[in-house]
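In the numbering used here, the protein residues as written are 21 to 192.
Here it is as structure tokens:
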């Protein structure tokens, strides 16, 4: 497996959009968004997001197999923060270090532009929570009933943050 991690751009809109919709469809309980939330976006909307945010992809040849993004806050009082969003990796690529390579690219991008990275993860998603904790993220709260699934279940969402000057690389 020869995986290349690279920053995605406008030209990647079709493959990025398809992979994101796949993640929402296959893993409803792990994402706060549903396929219908993004299915109606135009490719121009998707391309604009790729141009605005720092979005990285894991590519196996020509196939996009993983993605993760950072949105940087522009407000005068919040520009020290970035939001990590949309991390998804196809199941066949999990456990092989690809997620760490994506996270490393995100953290390299965040350093120098932000002092803190925040994220949310569905409370109870132990694998994702362990991954983020290994990278130094710390839970600072839980929003009850943050997400309502199509089946009517309510899921809590943990809020996590990483101060970039506190832990720049994952712990073992």
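Ideal Cβ positions, reconstructed from N, Cα and C, are used throughout, including at glycine.
Neighbour-count burial assignment, residue i, 16 or more Cβ in a 10 Å radius
i, result
"residue 85", "buried"
"residue 108", "buried"
"residue 144", "exposed"
"residue 112", "exposed"
"residue 57", "exposed"
"residue 174", "exposed"
"residue 40", "buried"
"residue 147", "exposed"
"residue 102", "buried"
"residue 64", "exposed"
"residue 37", "buried"
"residue 66", "buried"
"residue 77", "buried"
"residue 46", "exposed"
Range covered by the beta strand (DSSP E) that runs through residue i
i, result
"residue 174", "174-183"
"residue 27", "23-27"
"residue 74", "74-80"
"residue 102", "101-109"
Simplified DSSP assignment, three categories, for residue i
i, result
"residue 13", "Outside the shown range of the chain, which is 21 to 192, sits residue 13, and nothing can be said about it."
"residue 32", "helix"
"residue 64", "helix"
"residue 140", "strand"
"residue 129", "helix"
"residue 15", "Here the chain covers residues 21 to 192 and nothing more, so residue 15 does not appear."
"residue 153", "helix"
"residue 96", "coil"
"residue 115", "coil"
"residue 163", "strand"
N- and C-terminal bounds of the alpha helix (DSSP H) containing residue i
i, result
"residue 57", "55-59"
Assumed close pair residue i, residue j - CB separation to whole angstroms, cut-off 8 Å
i, j, result
"residue 43", "residue 51", "6 Å"
"residue 126", "residue 182", "Not confirmed; about 10 Å, so no contact."
"residue 158", "residue 176", "Residue 158 to residue 176, Cβ: 17 Å. No contact."
"residue 122", "residue 180", "Not quite, the Cβ-Cβ distance comes to about 16 Å (not below 8 Å), so this is no contact."
"residue 137", "residue 130", "5 Å"
Chain B contact for residue i (CB, 7 Å cutoff)
i, result
"residue 176", "No chain B appears in this structure, which consists of one protein chain only."
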